[in-house]
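Reviewing the structure listed below.
There are 2 protein chains.
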Amino acid sequence: MFVPEGFLFAGISCGIKKENKLDLGLVYSPYNLTAWGVFTVNTIKAAPVILGKRFIKEKEIHGVIANSGVANACTGEEGIKRALTLLKEVAKNLKISYKSLLPASTGIIGEQLPLEKILPKISHLISNLSEQNYIQFAKAIMTTDTFPKVVSKRTEEGITILGIAKGAGMIAPNMATMLAFILTDAEISKDYLKKFLPKIVEQSFNRISIDGDTSTNDTVYMLCSNIKKLKNWDNFENQCLEVAKELAYFIVKDGEGTSKVIKIIIKGAQTKNEAKILAISVANSPLVKTAFYGGDPNWGRIFSALGKTGISFNPEEVEIYLNGIPWVANLKPVKDEVKIKEELRKPEIELCMKFKKGKMSYEVLTTDLTEEYIRINAHYRS
Amino acid sequence: MFVPEGFLFAGISCGIKKENKLDLGLVYSPYNLTAWGVFTVNTIKAAPVILGKRFIKEKEIHGVIANSGVANACTGEEGIKRALTLLKEVAKNLKISYKSLLPASTGIIGEQLPLEKILPKISHLISNLSEQNYIQFAKAIMTTDTFPKVVSKRTEEGITILGIAKGAGMIAPNMATMLAFILTDAEISKDYLKKFLPKIVEQSFNRISIDGDTSTNDTVYMLCSNIKKLKNWDNFENQCLEVAKELAYFIVKDGEGTSKVIKIIIKGAQTKNEAKILAISVANSPLVKTAFYGGDPNWGRIFSALGKTGISFNPEEVEIYLNGIPWVANLKPVKDEVKIKEELRKPEIELCMKFKKGKMSYEVLTTDLTEEYIRINAHYRS
Chain A
1 MFVPEGFLFA GISCGIKKEN KLDLGLVYSP YNLTAWGVFT VNTIKAAPVI
51 LGKRFIKEKE IHGVIANSGV ANACTGEEGI KRALTLLKEV AKNLKISYKS
101 LLPASTGIIG EQLPLEKILP KISHLISNLS EQNYIQFAKA IMTTDTFPKV
151 VSKRTEEGIT ILGIAKGAGM IAPNMATMLA FILTDAEISK DYLKKFLPKI
201 VEQSFNRISI DGDTSTNDTV YMLCSNIKKL KNWDNFENQC LEVAKELAYF
251 IVKDGEGTSK VIKIIIKGAQ TKNEAKILAI SVANSPLVKT AFYGGDPNWG
301 RIFSALGKTG ISFNPEEVEI YLNGIPWVAN LKPVKDEVKI KEELRKPEIE
351 LCMKFKKGKM SYEVLTTDLT EEYIRINAHY RS
Chain B
1 MFVPEGFLFA GISCGIKKEN KLDLGLVYSP YNLTAWGVFT VNTIKAAPVI
51 LGKRFIKEKE IHGVIANSGV ANACTGEEGI KRALTLLKEV AKNLKISYKS
101 LLPASTGIIG EQLPLEKILP KISHLISNLS EQNYIQFAKA IMTTDTFPKV
151 VSKRTEEGIT ILGIAKGAGM IAPNMATMLA FILTDAEISK DYLKKFLPKI
201 VEQSFNRISI DGDTSTNDTV YMLCSNIKKL KNWDNFENQC LEVAKELAYF
251 IVKDGEGTSK VIKIIIKGAQ TKNEAKILAI SVANSPLVKT AFYGGDPNWG
301 RIFSALGKTG ISFNPEEVEI YLNGIPWVAN LKPVKDEVKI KEELRKPEIE
351 LCMKFKKGKM SYEVLTTDLT EEYIRINAHY RS
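Just so you know, the protein sequences line up as chains A and B, in that order. If you're matching positions, the first sequence starts at 1 in the UniProt record's numbering and goes up one per residue. If you're matching positions, the second sequence starts at 1 in the UniProt record's numbering and goes up one per residue.
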């Protein structure tokens, strides 16, 4: 795994989560970082989101402090106060301004940060900082995730991009209970980042949907240590997008109780927005998702999901492809059901619906819906 | 059970469904009925919906022919042809015009009506007609329903209203895979019905949501035999609304794999539409639904579902009531968690969220989300 220059990582256990699991993480850079963030569009914003949106505008940024177990959302003024106390304590130990630290939290909504557990561990957290502890940081932000999500790329000119994320449940277009951090040693201006980050988020994290729920805490931060001069911007941008897309894929792959990753593709729509609405309607339909789980070639449900958008189209003109194989045309299955069932059993499925209305397309990653999803979510706090 | 005068019912088995289950039903009246219908808004309309929308405008209406097992949706021209063949065969036996019969189907999408099984049974169907066979008719339209849904009321002046419905899966605002028939012996004009029926549908069948999926076949027909003069219109309208609301309740109660019926109430919203969007967001959130299933007092998920609408509000002003008991105020639980957990275990739950933005309110009935829902829907056709 390539690690960008200029960053140190830590991840420790404070007892916010049970069983000594890692639950407090720090990314720190002695350099002044160029930073930007993209945040949840949920009306209810967690305390760290409110503070993160404020501090991201500061000129001096040195890192991120993140915790799992408690989301610090729906916690009112007290939540803001506790988040600030945590920032100040970490900043004091690092001898930096507390406004140069960006906060992030994920976990149960409506509970306050247990500072009595966290504050005594801050000096331990800081002594844990090292270039190689990015895995500990990745573990410290996990909730129902079953594996830490880390991706790294190095460009031809030797610039490194490291992506770390957590996801699992409550994933919907517009980044739900998802934290992602994209770090690089490239030299980048803030003005550039402000345009670039939303663009890659739109093409990666906003193209995934597990349960249609959107959280109060979603945050993507991009941090640049400005150590290496960038020449080939195209190559760099493509690699960053790849990092974001691979993290998004891991989030879907690790979706709560998921047994399959399904890529939904709409082609031939009249407008981009129409393609998007059609894709998301299929991706979020519980009946389509359960049919995929059961390996049931119930293509009627796909048409029903397309139709419930209210978007007008002639169903006889829609062609459905499964893993590239023609499945339905002219409202009739065109392939032996045995072959289709075989394809449906695969853990990676591509479902493409071709319309004859225009030239616009849209892709979204989703999952099937399983009994395990219910089991995990029925008793999350118990 | 009161039965309105002027109607005969039949329900038989043709072998469309397995195990000799009833799957073909007929409502017939020798009188010329006043009739109107409300249909699915799904872009893809089943053949019986296309024909029903056409024939409902005819001056002479004598009844309804309905089947379960096959939805006759996504079946193209052949689907229309087969539906017409069925109508003509029944009409010929009844010696009426085929355009005076309204069709309805429910079941698997994408399969053709098996006329070779149905047509030989038509004379048997007609010989089965009787005033008391409304239960057979109700059974003949069931799919994954676990009980037939029949409600009847008699007004003070002796007018009878009988409601028969099927529902279970794919239920979402705007009536998903739901068939309902409201029959009365009152004398009513078509112009009156055209206004009245959409009004009661809006306040009953459009206020229920099980899985956010909307079907290709939803139909509500109201049929009046015009035998009894109506004087007290208010009383009649209220009783009709009661019949529709009770059927809607039964549909939710019998939702696939449902263990709880949950009434979601929004109060104090700025506009009716805002209240509706907030209510439906909570009603359709898989995370709220699984928490209710698990009896987990995870009120943070309720706030998250309210917030993901993007509607602006101050969460500290929102009060949440569970079965009338204050649960959350000022972003804090105000009741002992033991008591709340006890309430959450009940099979009927009322969740009320009071805003301080205005005076508009909205109600919707929904269900929890269970492993059983997944089990039923993963293998529906297998």
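Just so you know, even glycine gets a beta-carbon here, dropped at the ideal spot from N, CA and C.
How about LYS339 of chain B and ALA269 of chain B: are their beta carbons less than 7 Å apart?
No, these two residues do not count as a Cβ contact at 7 Å.
Please report whether the beta-carbon of ALA46 of chain B lies at a distance below 7 Å from any beta-carbon of chain A.
So no, ALA46 of chain B is outside the interface.
Close beta carbons around LEU51 of chain B, own chain, < 6 Å, minus the five adjacent residues each side:
Cβ within range, chain order: ALA83, PRO103.
Extent of the continuous beta strand (DSSP E) run through ILE12 of chain B
ILE12 of chain B -> beta strand (DSSP E) spans 8 to 12.
Three or more beta-carbon pairs under 8 Å between the stretch 213 to 228 of chain A and the stretch 323 to 343 of chain A, yes or no?
Note that the stretch 213 to 228 of chain A does not touch the stretch 323 to 343 of chain A; fewer than 3 beta-carbon pairs, one per stretch, sit closer than 8 Å.
Local conformation of residue 441 of chain B per DSSP, three classes
Nothing about residue 441 of chain B can be read from this structure; chain B reaches only from 1 to 382.
In three-state terms, what does DSSP make of GLU319 of chain B?
DSSP places GLU319 of chain B in the strand class (E or B) of the three-state scheme.
Considering Cα atoms alone, identify which of B:GLU371, B:ASN67, B:PHE236, B:ASN232 is closest to ALA378 of chain A.
Selected option, being the one with the closest Cα: B:GLU371.
Thinking just about the alpha-carbon of each residue, which of A:PRO4, A:ASP191, A:ASN206 is nearest to the one in LEU183 of chain A?
From the listed residues A:PRO4, A:ASP191, A:ASN206, the smallest Cα separation to LEU183 of chain A is found for A:PRO4.
Using a Cβ-Cβ cutoff of less than 6 Å, which residues in the same chain neighbour GLY6 of chain A once the five nearest sequence positions on both sides are dropped?
For GLY6 of chain A, same chain residues with a beta-carbon under 6 Å away, outside a window of 5 residues either side, are SER29, TYR31, ASP185, SER225, ILE227 in chain order.
Mind checking ASN20 of chain A: buried by the 16 CB within 10 Å criterion, or exposed?
By the 10 Å Cβ count, ASN20 of chain A comes out exposed.
I'd like to know whether the C-beta of THR216 of chain B is nearer than 7 Å to at least one C-beta of chain A.
So, interface residue.
Spatial neighbours of GLY110 of chain B within its chain, please: C-beta separation below 6 Å, excluding the five flanking residues on both sides.
Within the same chain, Cβ atoms closer than 6 Å to the Cβ of GLY110 of chain B are found at CYS74, the five residues on either side in sequence being excluded.
Checking the sheet assignment: what are the DSSP bridge partners for LYS332 of chain B?
Answer is B:ALA329.
Could you check which residue in B:GLU202, B:ARG154, B:ILE135, B:THR160 has the C-alpha nearest to that of PRO148 of chain B?
Taking each of B:GLU202, B:ARG154, B:ILE135, B:THR160 in turn and checking the Cα distance to PRO148 of chain B, the smallest one comes out for B:ILE135.
To test your reading of the DSSP string, which unbroken alpha helix (DSSP H) runs of 4 or more residues are found completely within the stretch 18 to 90 of chain B?
The stretch 18 to 90 of chain B contains these whole alpha helix (DSSP H) runs: 47 to 55.
Uninterrupted alpha helix (DSSP H) stretches inside the stretch 110 to 186 of chain B (no shorter than 4 residues):
The qualifying runs are 115 to 118, 122 to 127, 134 to 140.
Whole-angstrom C-beta distance between LEU26 of chain B and PHE14 of chain B, which should lie under 8 Å:
The sequence given here has Cys at residue 14 of chain B, not Phe. So it is not a contact: roughly 12 Å between Cβ atoms.
What's the C-alpha gap between residue 384 of chain A and ILE208 of chain B?
As shown, chain A starts at 1 and ends at 382. That puts residue 384 of chain A outside it, with no answer to give.
Please report the Cβ distance between LEU22 of chain B and LYS139 of chain B, rounded to the nearest whole angstrom; I am assuming they are in contact, meaning their Cβ atoms lie under 8 Å.
Between LYS139 of chain B and LEU22 of chain B the Cβ distance is about 4 Å, and since that is below 8 Å, they are a contact.
Can you tell me the Cβ-Cβ gap for SER105 of chain A and ALA66 of chain A, rounded? I've got them flagged as a contact below 8 Å.
Correct: roughly 7 Å between the Cβ atoms.
Between the C-alpha atoms of LYS359 of chain A and LEU86 of chain B, what's the straight-line distance to the nearest angstrom?
Straight-line Cα distance between these residues: approximately 41 Å.
Cβ shell of LYS289 of chain A (< 6 Å), same chain only, five flanking positions each side left out
Cβ contact annotation for LYS289 of chain A (same chain, cutoff 6 Å, sequence separation greater than five): ASP368, LEU369, in chain order.
Look up THR366 of chain A in the DSSP assignment and give the residues it is bridged to.
Paired residues: A:SER209, A:ILE262.
Straight-line gap, LEU247 of chain B to LYS153 of chain A (C-alpha atoms, nearest Å):
Rounded to the nearest whole angstrom, the C-alpha separation of LEU247 of chain B and LYS153 of chain A is 58 Å.
Does the beta carbon of ILE171 of chain A sit closer than 7 Å to a beta carbon anywhere in chain B?
Residue placement at ILE171 of chain A cannot be trusted, given a pLDDT of 47 that sits under 50; what the coordinates show is reported in the next sentence. Taking Cβ atoms only, chain B never reaches closer than 7 Å to ILE171 of chain A, which makes this a no.
Starting from the C-beta of ALA10 of chain B, find all residues in its chain whose C-beta is less than 6 Å away, skip the five residues before and the five after it, and write them out in chain order.
Within its own chain, the residues whose Cβ lies closer than 6 Å to the Cβ of ALA10 of chain B, once the five positions on either side in sequence are excluded, are LEU26, LEU125, ASN128, LEU129, ASN133, listed in chain order.
Give me the residue from B:ALA329, B:ILE302, B:GLU316 with the minimum Cα distance to SER215 of chain A.
Comparing Cα-Cα distances from SER215 of chain A to each of B:ALA329, B:ILE302, B:GLU316, the minimum goes to B:ILE302.
Against chain B, does TRP299 of chain A count as a neighbour if the rule is that its beta carbon must be under 7 Å from one of theirs?
With 7 Å as the cut-off, TRP299 of chain A counts as an interface residue toward chain B.
Indicate whether the contact test is met: 3 or more Cβ pairs, each with one atom in the stretch 320 to 335 of chain B and one in the stretch 53 to 65 of chain A, closer than 8 Å.
No, they do not touch.
Around the C-beta of TRP233 of chain A, are 16 or more other C-beta atoms found within 10 angstroms, so that it is buried, or is it exposed?
Exposed is the call here.
Contact check, GLU156 of chain A vs ASN235 of chain A under 8 Å by CB: the rounded distance?
Contact holds; Cβ gap of about 6 Å.
Classify ASN206 of chain B as buried or exposed, calling it buried when 16 or more other Cβ atoms lie within 10 Å of its own Cβ.
Classification for ASN206 of chain B: buried.
Examine the Cβ distances between the stretch 238 to 247 of chain B and the stretch 193 to 206 of chain B and report whether three or more of them are shorter than 8 Å.
The stretch 238 to 247 of chain B is in contact with the stretch 193 to 206 of chain B.
Starting from THR144 of chain A, find everything on chain B with Cβ-Cβ shorter than 7 Å and list it in chain order.
Within 7 Å Cβ-Cβ: nothing; THR144 of chain A doesn't reach chain B, min ~12 Å.
Taking the beta strand (DSSP E) that GLU371 of chain A falls in, what are its first and last residues?
It is not in any beta strand (DSSP E) - GLU371 of chain A instead sits in the alpha helix (DSSP H) that spans 371 to 378.
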